[in-house]
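Read the structure below first, then the notes.
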Amino acid sequence: MSGLAMMLRLRGAHVTGSDQSAGDMIERLDAAGIDVRVGPAMQSLPQETDLVIASAAIKPGHPEILAAQAKGIEWITYAEALGIAQSGMTAVSIAGTHGKSTTTAMTSWVGMRCGLDPSVIVGATCTQLGGGTRTGSPVIASGRLLDNPGILVCEACEFNRSFHQHRPTIGLINNIEEDHLDYYSSLDEIIQSFKEFAERLPAARVGGKLLIAEDGAHRRQVSAGLKCEVATFGFSPESDYQVVYDAATNKVGLLWNGYWIAVWTNLMPGSHNALNAAAAAIINYWLGADWEDIACALSEFGGLDRRSQLLGSRTLARGEGKTAGKADARVQVYDDYAHHPTECEKTLRALRGAHNPKRLICVFQPHQHSRTRFLLEQFANSFSGADEVVVPHIYFVRDSEAEKTRVSAQDLVDRLLARGISACHIGSFDAITEYLEQNCQDGDLVVTMGAGPVNKIAQEFLARATVADDHASSSVVSGQVA
Numbered sequence: 010m011s012g013l014a015m016m017l018r019l020r021g022a023h024v025t026g027s028d029q030s031a032g033d034m035i036e037r038l039d040a041a042g043i044d045v046r047v048g049p050a051m052q053s054l055p056q057e058t059d060l061v062i063a064s065a066a067i068k069p070g071h072p073e074i075l076a077a078q079a080k081g082i083e084w085i086t087y088a089e090a091l092g093i094a095q096s097g098m099t100a101v102s103i104a105g106t107h108g109k110s111t112t113t114a115m116t117s118w119v120g121m122r123c124g125l126d127p128s129v130i131v132g133a134t135c136t137q138l139g140g141g142t143r144t145g146s147p148v149i150a151s152g153r154l155l156d157n158p159g160i161l162v163c164e165a166c167e168f169n170r171s172f173h174q175h176r177p178t179i180g181l182i183n184n185i186e187e188d189h190l191d192y193y194s195s196l197d198e199i200i201q202s203f204k205e206f207a208e209r210l211p212a213a214r215v216g217g218k219l220l221i222a223e224d225g226a227h228r229r230q231v232s233a234g235l236k237c238e239v240a241t242f243g244f245s246p247e248s249d250y251q252v253v254y255d256a257a258t259n260k261v262g263l264l265w266n267g268y269w270i271a272v273w274t275n276l277m278p279g280s281h282n283a284l285n286a287a288a289a290a291i292i293n294y295w296l297g298a299d300w301e302d303i304a305c306a307l308s309e310f311g312g313l314d315r316r317s318q319l320l321g322s323r324t325l326a327r328g329e330g331k332t333a334g335k336a337d338a339r340v341q342v343y344d345d346y347a348h349h350p351t352e353c354e355k356t357l358r359a360l361r362g363a364h365n366p367k368r369l370i371c372v373f374q375p376h377q378h379s380r381t382r383f384l385l386e387q388f389a390n391s392f393s394g395a396d397e398v399v400v401p402h403i404y405f406v407r408d409s410e411a412e413k414t415r416v417s418a419q420d421l422v423d424r425l426l427a428r429g430i431s432a433c434h435i436g437s438f439d440a441i442t443e444y445l446e447q448n449c450q451d452g453d454l455v456v457t458m459g460a461g462p463v464n465k466i467a468q469e470f471l472a473r474a475t476v477a478d479d480h481a482s483s484s485v486v487s488g489q490v491a
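Going letter by letter, the sequence shown gives residues 10 to 491 in the numbering used here.
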């Protein structure tokens, strides 16, 4: 929503908004000239309102929707608005259970560096993109598709079937897994929804293209009968575009029909980010960029907020009070948005492989009671890469009060303990920060993880640093020391 609001503002629209709570994003919107009212829903709308756009979380009975209807003002969903914005453009929709924001940002960064000048809407903040949105050229600015309709790169979210409103020219499906089971009844229903998204792509004869993972995206079911061009990518030699990844060096290579076409070194660790980068590379080649320029741009991409993001480090001075007799402790602090079992497992594996910490301590806040309940066993199996897991209360969002009674953070902790993983439930953020303060050891890596505000624990832990602490959060970019 914030990205769309900023894009509309940049295109000359007068934009206002509302939200229940304040935060960094509200401040960024304010700086962009967008007035956002924070607090209870407005019972009336600004006098000059012509259109109301609502996020997927807003129900038809919301007071501001009712106010719009009473005035005869049209209201549409965010997904519908995004589909309208894509009309008449070379639209790229990035879909998949995982990796949408990272791949969208990578694709956009490469397009910028290769001179394609794309417009962008990404669901996270990326410093290299100047935030989460940008307005590019109305026509493709360079390359083989020079002067074709301008590029718009955006995420395509499967929740609530939102991506069925998209009007893409090029689509990506990175992966498909069980998620949003508060909305979908089964994996089969999710696969069918992705298939319907793919069916929205135009025919191959008019430029419609789908890039889909060879493995992990139910390729055969999704691509059967499509009229668009279909290409696959992945680690399998059966892929149209084969990805080769060396975890020791973070080097990524791409082959087509057995021939090397691009090689680069990722700044973001992990095999999942190798696949994300490969998808970004292929899409930009389709958009007219050259392989050499694409590889150079990918080697410069540092990441985005809350994706294996290095927030800083500090030295915990020991020798007094509760820590008397302990050695001083140097601790690195990361934050990640992972809130699905697969994301958690891959993020922990990547952090351990890249940094080899003495201990990896994960503070994981489950996001949604329904997701936690449906995927409880999968979550319990996804933390073997951590030496210790601390679980605060589950983040309550988009669920009923009754759902809160069906699962708890302690249920996850009990299953982790049963698997031999050191774990504990500490309800409040303040108590967790104090726990880290007292128990971190030299060489530890702490990562806060989840789609809720769990990153506040990392921020508070670093904020407690003394003047002597080397707290260098201003000198880092996501996942990489600057």
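Where a beta carbon is used, it is the ideal one built from N, C-alpha and C, also for glycine.
* Can you tell which of I85, I221, I179, L360 has the C-alpha that lies nearest to the C-alpha of F244? -> Nearest in C-alpha terms to F244, of all of I85, I221, I179, L360, is I221.
* Please state whether DSSP places A298 in a helix, a strand or coil. => coil
* **Helix, strand or coil at V272 [DSSP, three-state]** => In the three-state DSSP reduction, V272 falls in the strand class (E or B).
* Just the Cα atoms here: how many angstroms apart are P495 and N259? -> Given that the chain is displayed from residue 10 to residue 491, the structure contains no residue 495 and the question cannot be resolved.
* **S322 vs V340 beta-carbon contact at 8 Å** => Going by C-beta atoms, S322 is nearer than 8 Å to V340.
* Runs of beta strand (DSSP E) wholly within the stretch 371-417 (minimum 3 residues, chain order) -> For the stretch 371-417, whole beta strand (DSSP E) runs of length 3 or above, ordered along the chain, are 397-400.
* Leaving out five residues before and five after G330 in sequence, what residues of the same chain have Cβ atoms less than 8 Å from its Cβ? -> Any reading at G330 must be qualified, since the residue scores a pLDDT of 48, below 50, and its modelled position is unreliable; no value is offered.
* Asked: What span of residues does the alpha helix (DSSP H) with I85 cover, start to end?
  -> From DSSP, I85 is part of no alpha helix (DSSP H) but of the beta strand (DSSP E) over 83-86.
* Could you tell me whether the stretch 94-109 touches the stretch 181-192, using the rule of 3 or more Cβ pairs below 8 Å? => yes
* L138: first and last residue of the uninterrupted beta strand (DSSP E) it sits in -> It is not in any beta strand (DSSP E) - L138 carries neither H nor E in the DSSP assignment.
* Can A283 and V252 be called in contact, C-beta distance under 8 Å? -> yes
* To do: Consult DSSP for Y192 and reduce its assignment to one of helix, strand or coil.
  => Y192 falls in the coil class under three-state DSSP.
* To do: Return the first residue and the last residue of the beta strand (DSSP E) that F242 is part of.
  => 238-243
* To do: Take V47 and list the residues in its own chain whose beta-carbon comes closer than 8 Å to its own, dropping the five residues that flank it on each side.
  => The answer, listed in chain order, is S27, D28, Q29, S30, A31, I35.
* C-alpha distance - T351 paired with S437, whole-angstrom precision -> 26 Å
* **Through-space distance from Q137 to V119, alpha-carbon basis** => 11 Å
* State the Cα-Cα distance for the pair P401 and G217, rounded to the nearest angstrom. => 45 Å
* Asked: Sorted by chain position, which residues of the same chain lie with C-beta nearer than 6 Å to E469's C-beta, five sequence neighbours on each side aside?
  -> T442
* Asked: Between V101, C166, A22, A212, which lies nearest to I179 when the distance is taken from Cα to Cα?
  -> Looking at the Cα atoms, V101 is the closest of the given residues.
* To do: Inspect the beta-carbon positions of S53 and A90 and report whether they are closer than 8 Å.
  => No, they are not a contact pair.
* Asked: From A306 to A286, what does the alpha carbon distance come to, in whole angstroms?
  -> A306 and A286: Cα-Cα distance of roughly 10 Å.
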